[in-house]
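J.: Those letters in the sequence shown? Residues 2 to 407, per the numbering used here, in order. All residues carry an ideal CB built from backbone N, CA and C; glycine is no exception.
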Amino acid sequence: MEHEHLYQKSVSYLKTLCEEIAERCVGSEGNRQATRFFEKAISSLGWQTETSELEVMDWQESGATLRVADQSFNMLPSPYSLGCSVQAALAGVSSPEDLEHREITGRILLLSGEIAKEQLMPKNFVFYNPEEHQKIIALLEKKQPAAIICATGRNPSLAGGAYPFPLIEDGDFDIPSVYTTEEVGRDLLTCIGKTAVLESRATRIPAKAYNVVARKGKETAERIVLTAHIDAKKGTPGAIDNAGGAATLLISAELLKDYDGDRTIEMAAFNGEDYYAVPGQLDYIRKNQNDFQNIVLNINIDGAGLKESKTAFSFFNLPETMKTTGHDLLTKFAGITEGAQWPQGDHSIFIQHGCPAIAVSSQWLIEHMDSQQITHTPKDNISIVDCRKLVEVAKALNWFLRKQNR
Ligand SMILES: [Zn+2]
């Protein structure tokens with residue numbers, strides 16, 4: 002009953018990552034526990050490991066309050082924002098054009114409506130950063146409001162299921178900010194011009210985090226890289242996103258224990274997919290800058306194992322023979338189907354560097370990326386994961402990788 006043994010192991014991996022470890026956001030002690038656990042587990046399966054240290058920022062908050070006249074509003078400090086205690090007139094803008102023309106320097110600035118419709122990409126986020134976002138950030142930094150209040154709705158594709166969502170989540174942006182619901186935003190619009198007092202209790206704490214890379218196989222230049230981010234968003238157990246991915250790497254590592262194929266297999270537990278500065282991904286890119294041509298395939302697991310959903314393999318630029326094996330895999334493993342291409346994951350790093358890739362996720366998540374309310378919320382816990390699906394993915398990858406000899 003090899004299958005049963007792997008199932009029990011995947012349940013235990015998930016429990017460790019999501020329950021025994023309190024949180025896995027980058028910079029937290031839990032995040033370091035998670036990478037230590039991963040490193041220990043994979044090296045005990047006979048894989049060579051390499052750990053790199055990353056300088057990151059942990060962050061703590063204990064709420065925020067805004068007072069205008071005799072009214073008081075509870076606010077949420079924007080993740081990784083500096084705290085503040087300011088008194089100033091309240092100003093409001095709802096579009097980038099407004100922002101350009103309104104007098105806002107030294108004011109407490111309310112961003113609501115169109116300008117607050119989707120999460121602004123962090124300043125130094127290199128993989129995806131629309132010009133519109135960069136322009137808004139640059140204008141804010143140029144005009145220097147004393148603090149910012151963001152009134153937001155829902156934005157699942159960029160911010161997951163959270164409501165309200167933090168419009169700004171960026172430890173490299175130094176104007177203090179808080180966020181609140183659209184409803185409060187509407188109330189505040191009636192207070193524009195009045196004196197407001199904003200207290201936000203938040204602190205940035207320099208910390209360390211680690212990337213873990215493990216290797217197996219002959220010492221050859223060509224390699225296949227399996228990736229899964231091991232960090233989770235603050236405030237979520239991150240079961241589907243992405244303890245399931247890290248657990249799948251470990252089960253695959255066990256199935257591939259005796260692998261001795263023509264290509265090196267590398268497994269990377271990336272630290273930072275759900276963190277503003279993506280430090281683990283950037284570190285990996287720096288280290289492999291002149292080596293991406295040797296990566297013949299990336300397989301990235303993110304969002305796999307959702308109950309009552311098929312697993313989706315999405316193919317990106319696979320060479321013909323690999324594509325054929327990929328399609329054979331779909332007929333051989335009943336719970337796996339071909340998924341649409343989606344860009345919001347670590348496979349995009351490899352695709353941007355010219356490597357073929359396979360992204361592994363849950364069909365339902367891909368189809369509901371713009372409306373789902375699970376990821377980045379407390380709902381993303383162990384109860385929504387079916388570990389049998391993780392085992393199936395690991396078995397499929399083991400089967401697929403052993404067919405990749407030259
Ligand atoms: Zn993820």
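For the beta strand (DSSP E) that contains Asn301, what are its first and last residues?
T.: Walking along the sequence shown from the start, residue 301 turns up at place 300. Per DSSP, the unbroken beta strand (DSSP E) holding Asn301 starts and ends at Ile296 to Ile302.
J.: Please report the residue range of the alpha helix (DSSP H) in which Gln353 lies.
T.: Counting from one through the sequence shown, the residue named residue 353 turns up at place 352. Gln353 -> alpha helix (DSSP H) spans His348 to Gln353.
J.: Name the residue from Ala341, Lys288 and Gln135 whose alpha carbon lies nearest to the alpha carbon of Thr312.
T.: For the purposes of this step, residue 312 is taken as the residue at position 311 of the sequence shown. Cα-wise, what sits closest to Thr312 is Ala341.
J.: Taking 8 angstroms as the cut-off, is the C-beta of His348 nearer than that to any heavy atom in ligand 1?
T.: Against the sequence shown, residue 348 aligns to sequence position 347. The answer is no for His348.
J.: Quick check: is any heavy atom of ligand 1 less than 8 angstroms from the C-beta of Glu24?
T.: Locating residue 24 in the sequence shown gives position 23, where the first residue counts as 1. No, Cβ of Glu24 sits at least 8 angstroms from all heavy atoms of ligand 1.
J.: Taking Cβ to Cβ, would you say Phe334 is nearer than 9 angstroms to Glu255?
T.: Counting from 1 along the sequence shown, the entry for residue 334 is found at position 333. Counting from 1 along the sequence shown, the entry for residue 255 is found at position 254. Not in contact: Phe334 and Glu255 (Cβ atoms no closer than 9 angstroms).
J.: For a test of the three-state rule: what should DSSP assign to Leu77, helix, strand or coil?
T.: By 1-based counting over the sequence shown, the position of residue 77 is 76. In the structure shown, Leu77 sits in a strand (DSSP, three-state: E or B).
J.: Can you find a heavy atom of ligand 1 that lies under 8 angstroms from the Cβ of Glu274?
T.: For the purposes of this step, residue 274 is taken as the residue at position 273 of the sequence shown. Correct: Glu274 has its Cβ closer than 8 angstroms to ligand 1.
J.: Answer yes or no: the CB of Asn243 versus the heavy atoms of ligand 1, is any distance below 8 angstroms?
T.: The residue labelled residue 243 in the question sits at position 242 within the sequence shown. Because some heavy atom of ligand 1 lies under 8 angstroms away, the Cβ of Asn243 counts as near it: yes.
J.: Given a threshold of 16 other Cβ atoms within 10 Å of its Cβ, counted over all protein chains shown, does Ile22 qualify as buried or as exposed?
T.: The residue labelled residue 22 in the question sits at position 21 within the sequence shown. Counting Cβ neighbours within 10 Å, Ile22 comes out buried, since at least 16 surround it.
J.: List the whole-angstrom C-beta distance separating Val57 from Ala210, where the pair is believed to meet the contact cut-off of C-beta under 8 angstroms.
T.: Sequence index remark: in the sequence shown, residue 57 carries index 56 (1-based). Sequence index remark: in the sequence shown, residue 210 carries index 209 (1-based). That pair is a contact at about 5 angstroms.
J.: Look at Ile176 and Glu223 and say whether their C-beta atoms are less than 9 angstroms apart.
T.: Locating residue 176 in the sequence shown gives position 175, counting from the first residue. Locating residue 223 in the sequence shown gives position 222, counting from the first residue. No, these two residues do not count as a Cβ contact at 9 angstroms.
J.: What residues are listed by DSSP as bridge partners for Val214?
T.: Residue 214 sits at position 213 when you count from the first residue of the sequence shown. Under the DSSP definition of a beta bridge, Val214 partners with Glu51 and Ala269.
J.: Measuring from the CB of Thr376, is there a heavy atom of ligand 1 at a distance below 8 angstroms?
T.: As a working mapping, residue 376 is identified with position 375 in the sequence shown. The answer is yes for Thr376.
J.: Provide the residue(s) that pair with Phe317 in DSSP beta bridges, ordered along the chain.
T.: Taking the sequence shown and counting its residues from 1, the one referred to as residue 317 is at position 316. As a beta-bridge residue in DSSP terms, Phe317 pairs with Ala358.
J.: Do you know whose CA, among Gln120, Ser201 and Asp347, lies nearest Gln88's CA?
T.: Within the sequence shown, the letter at position 87 stands for residue 88. Out of Gln120, Ser201 and Asp347, Ser201 has the C-alpha closest to the C-alpha of Gln88.
J.: If we ignore side chains and look at the alpha-carbon of each, how far apart do Asp261 and Val226 end up?
T.: In the sequence shown, the residue the question calls residue 261 occupies position 260. In the sequence shown, the residue the question calls residue 226 occupies position 225. When rounded, the distance between both Cα atoms is 15 angstroms.
J.: What are the start and end residues of the alpha helix (DSSP H) that includes Gln34?
T.: Here residue 34 is taken as the residue at index 33 of the sequence shown, counted from 1. From DSSP, the alpha helix (DSSP H) with Gln34 extends over Glu30 to Ser45.
J.: Judging by CA-CA distance, which residue of Ala397, Lys390 and Asn399 is the nearest neighbour of Gln9?
T.: Working through the sequence shown from its first residue, we reach residue 9 at position 8. Residue Lys390 is the option with its Cα nearest to Gln9.
J.: So Met76 and Ala65 are supposed to be a Cβ contact under 8 angstroms. How far apart are they, rounded?
T.: Numbered from 1 along the sequence shown, position 75 holds the residue referred to as residue 76. Numbered from 1 along the sequence shown, position 64 holds the residue referred to as residue 65. Contact between Met76 and Ala65 holds: CB atoms are separated by about 4 angstroms, below the 8 angstroms threshold.
J.: What does the Cβ neighbour count give for Arg264, buried or exposed, with the cut at 16 atoms within 10 Å?
T.: Along the sequence shown, one-based indexing puts residue 264 at 263. That one is buried.
J.: Ala233: buried (16+ other C-beta within 10 angstroms of its C-beta) or exposed?
T.: Within the sequence shown, residue 233 is the residue found at index 232, counting from 1. When all chains shown are included, Ala233 counts as buried.
J.: I'd like to know if the region 146–155 and the region 180–190 are in contact, where contact means that at least 3 CB-CB pairs between them fall below 8 angstroms.
T.: yes
J.: Starting from the Cα of Gly252, find the closest Cα among Ile375, Leu331, Ala397 and Thr36 and give me that residue.
T.: Taking the first residue of the sequence shown as position 1, residue 252 is located at position 251. The question names Gly, yet the displayed sequence has Ile at residue 252. Per the Cα distances, Ala397.
J.: What are the complete alpha helix (DSSP H) segments, minimum 4 residues, inside the region 125–164?
T.: 132–144 and 157–160
J.: In its own chain, which residues sit with a C-beta less than 6 angstroms from the C-beta of Glu24, not counting the 5 before and 5 after it?
T.: The sequence position of residue 24 within the sequence shown is 23, counting from 1. The residues are Gly31.
J.: Rounded C-beta distance between Leu330 and Thr338? I'm assuming under 8 angstroms.
T.: Here residue 330 is taken as the residue at index 329 of the sequence shown, counted from 1. Here residue 338 is taken as the residue at index 337 of the sequence shown, counted from 1. That pair is no contact at about 11 angstroms.
J.: From this set, Lys219, Leu189 and Asp284, which residue's C-alpha is nearest Asp347's C-alpha?
T.: Within the sequence shown, numbered from 1, the residue matching residue 347 stands at position 346. The residue from Lys219, Leu189 and Asp284 with its alpha-carbon nearest to that of Asp347 is Asp284.
J.: Near Val185, what residues of its chain come up, given a Cβ to Cβ distance below 7 angstroms and the 5 sequence neighbours on each side ignored?
T.: Within the sequence shown, the letter at position 184 stands for residue 185. Closer than 7 angstroms at the Cβ level, and outside the excluded window around Val185, lie Phe74 and Ala152.
J.: Near Leu7, which residues of its chain fall below 6 angstroms by C-beta distance, leaving aside the five closest residues on each side in sequence?
T.: Working through the sequence shown from its first residue, we reach residue 7 at position 6. Excluding positions up to five away in sequence, the list reads Ile252 and Val392.
J.: For ligand 1, I want to know if His369 counts as a neighbour, meaning its beta carbon is within less than 8 angstroms of at least one of the ligand's heavy atoms.
T.: Within the sequence shown, numbered from 1, the residue matching residue 369 stands at position 368. False, no ligand heavy atom lies under 8 angstroms from that Cβ.
J.: Check whether the region 124–142 touches the region 161–174, taking contact to mean three or more Cβ pairs, one atom from each stretch, closer than 8 angstroms.
T.: Counting C-beta pairs closer than 8 angstroms gives three or more between the region 124–142 and the region 161–174, which meets the contact rule.
J.: Starting from Cys388, follow the alpha helix (DSSP H) in both directions and report where the run begins and ends.
T.: Your numbering for residue 388 matches position 387 in the sequence shown. Residues Cys388 to Arg403.
J.: If you follow the beta strand (DSSP E) that Ser96 is in, where does it begin and where does it stop?
T.: Within the sequence shown, residue 96 is the residue found at index 95, counting from 1. No beta strand (DSSP E) holds Ser96; DSSP gives it neither H nor E.
J.: Between Phe316 and Ala248, what straight-line distance do the alpha-carbon atoms span, to the nearest angstrom?
T.: Counting from 1 along the sequence shown, the entry for residue 316 is found at position 315. Counting from 1 along the sequence shown, the entry for residue 248 is found at position 247. Distance between the alpha carbons of Phe316 and Ala248 is about 22 angstroms.
J.: What do you reckon, are the CB atoms on Thr228 and Asn291 nearer than 9 angstroms?
T.: Here residue 228 refers to the residue found at position 227 when the sequence shown is read from its first residue. Here residue 291 refers to the residue found at position 290 when the sequence shown is read from its first residue. Contact flag unset, no.
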